[in-house]
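Just so we're aligned: 40 in numbering that gives the first Met the number 0 is position 41 of the sequence shown, and the numbers increase by one with no gaps anywhere.
Ideal placement from N, C-alpha and C gives every residue a C-beta, glycine not left out.
Quick caveat: nothing in here was measured; it's all calculated off a predicted structure.
So the structure is just underneath, and the comments pick up after that.
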Amino acid sequence: MDYHFELTKYSDILEFIPQKANNENLVTNELFCCVDAFLQEHNISNVLVSLSGGVDSMVLLEIFHKIRENQRIQMNNNTFDIICCHMNYKNREESDCERDFLIDYCKYKDVTFDYKDLDFKRNATKRSDYEKETRNIRYSYYKELCEQYDCNGVFLAHHKGDTAENVFNNIMRGGREITDLSVLKKNNNILNVNVYRPLLDYYKQPILDIAEEYSVPYFLDSTPDWSCRGKMRKNIFPASEDCYGSSYTNNLIKLGSESDMIGNIIANHIIEPLFHETNFEENNIILKKTNVLREYYVMKLLMKKICHTKGIENIRQKNVEQLIIHFDEIGKKMTLMKNYMVIVREKEILFQHLVS
């Protein structure tokens, strides 16, 4: 099948210009079978794909498109709809051109395309603030589209290599809990949006193979060499492979997997029981004293869950330490959390809400 729009005008942003689009044999591919099974397992109605234009998301779209095509032939009906969404961050001069290509491409593939242009740029604010704000905007956008198009959640095209990068980054930066190094899950909920990652068991090479064999166009890799991920991919990981062999990525992924397992054990068998023993009277929080709460990490995770559940500002790590230090000082009063007075009692710790 020939493309019905002029691909050559996008030659500056595409990795290659495919002459024909033929995916007849895609149904025998292992990734196709994996994604097809994932849809059935999770009883997906309509598919919402976060489409960046990179090879991973473009191949995922190609697989969804072929699944829908097969179902239409077999069932003689429309089966499910595919909706692609794109965040145009406008941080690069080619951003608008990439958006325009995706508009044309999705029209050619007969899938709904929706995009959101951001009004502020990365260099106009602190990096941490920018990432937090764009994340909130992105998931709010996903939520709106899920409601608009009756979708179960959003599909992201992360793969095993992304997990390895995440584990490495989180160890080096120290910003994540030791019980949550990989972050990426096949199915989880982020900011009230169901997130699906059906390619998470596969490395990038099979994805690249599909793009090449079935002529799936995708954007040039825009990751700058000076960025952390650029340095990882161009320098750190090749040096790691030279030093430790190709198994180093599997070892990172194994570490992330075991981190998740430990996190689940602690959450299910320690934090959840402690949380259920916590009393919430009016706006007050009452922790029942138990020896395990003398452990800094347990207290930290419990307070994190309480704050998240109650929608209040998380307690600082140094203030968790103060809770442990003064655990047995009956009558001790401390201001460790915004809008709360902490009072140590004989058998409990009271977080008394301060009426403003």
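In the structure shown, what three-state DSSP assignment does residue i receive?
i: Lys309; result: helix
i: Leu13; result: strand
i: Leu6; result: coil
i: Leu286; result: strand
i: Asp116; result: strand
i: Phe279; result: strand
i: Ile329; result: coil
i: Asn413; result: Nothing in the structure corresponds to residue 413, since the chain is present only between 0 and 355.
i: Met0; result: At Met0, the pLDDT of 49 sits below 50, so the modelled position is not reliable and the matter cannot be decided from this model.
i: Glu176; result: coil
i: Thr162; result: helix
i: Glu257; result: helix
i: Ile323; result: helix
i: Thr124; result: coil
i: Glu29; result: helix
i: Val194; result: strand
i: Glu271; result: helix
i: Glu345; result: coil
i: Lys314; result: The sequence shown places Ile at residue 314, rather than the Lys named in the question. Note: Ile314 maps to coil in three-state DSSP.
i: Gln18; result: coil
Just mark residue i as buried or exposed, buried being the case when its beta carbon has 16 or more other beta carbons within 10 Å.
i: Pro216; result: buried
i: Tyr296; result: exposed
i: Val354; result: exposed
i: Ser226; result: exposed
i: Pro197; result: buried
i: Ser51; result: buried
i: Cys145; result: buried
i: Met0; result: With a pLDDT of 49 at Met0, under the threshold of 50, the modelled position of this residue cannot be trusted, and the question is left open.
i: Gly174; result: exposed
i: Met336; result: buried
i: Cys32; result: exposed
i: Met171; result: exposed
i: His307; result: exposed
i: Ser181; result: buried
i: Asn267; result: exposed
i: Lys253; result: exposed
i: Asn193; result: buried
i: Val48; result: buried
i: Asn28; result: buried
i: Tyr104; result: buried
i: Cys242; result: exposed
i: Glu164; result: buried
i: Met298; result: buried
i: Asn187; result: exposed
i: Gly310; result: exposed
i: Phe356; result: Limits of the chain in this structure are 0 at one end and 355 at the other, which puts residue 356 out of reach.
i: Gly244; result: exposed
i: Asp208; result: exposed
Across which residues does DSSP place residue i in a beta bridge pair?
i: Cys150; result: Asn45
i: His352; result: Tyr339
i: Met74; result: Looking at the DSSP assignment, Met74 forms no beta bridge with any residue, so it has no partner.
i: Thr111; result: Ile82
i: Asn250; result: In the DSSP output, where bridge partners are listed per residue, Asn250 has none listed.
i: Ile189; result: Val192
Less than 9 Å between the beta carbons of residue i and residue j, yes or no?
i: Ile43; j: Asn151; result: yes
i: Lys159; j: Tyr195; result: no
i: Asp179; j: Asp259; result: yes
i: Ser221; j: Ala156; result: no
i: Ile12; j: Glu68; result: no
i: Ile66; j: Val34; result: yes
i: Leu219; j: Leu199; result: no
i: Tyr213; j: Asn22; result: yes
i: Ile365; j: Leu322; result: Nothing can be reported for residue 365, as the shown portion of the chain is limited to 0 through 355.
i: Met86; j: Lys115; result: yes
i: Phe279; j: Leu301; result: no
i: Leu25; j: Ile62; result: yes
i: Phe79; j: Leu38; result: yes
i: Ile136; j: Thr111; result: no
i: Val343; j: Gly330; result: yes
i: His64; j: Lys108; result: yes
i: Ile261; j: Ile177; result: yes
i: Lys288; j: Glu345; result: yes
Residue i CB to nearest chain B CB: under 9 Å?
i: Lys185; result: Going by chain labels, chain B is absent from the structure shown, which holds only one protein chain.
Length at least 4, wholly inside the region 197-222: the alpha helix (DSSP H) runs in chain order:
Runs found: 203-212.
Output the residue ranges of the beta strand (DSSP E) runs that lie fully inside the region 56-107 and measure 3 residues or longer, sorted by chain position.
Secondary structure in the region 56-107: the beta strand (DSSP E) runs of 3 residues or longer, each lying completely within the stretch, are 81-87 in chain order.
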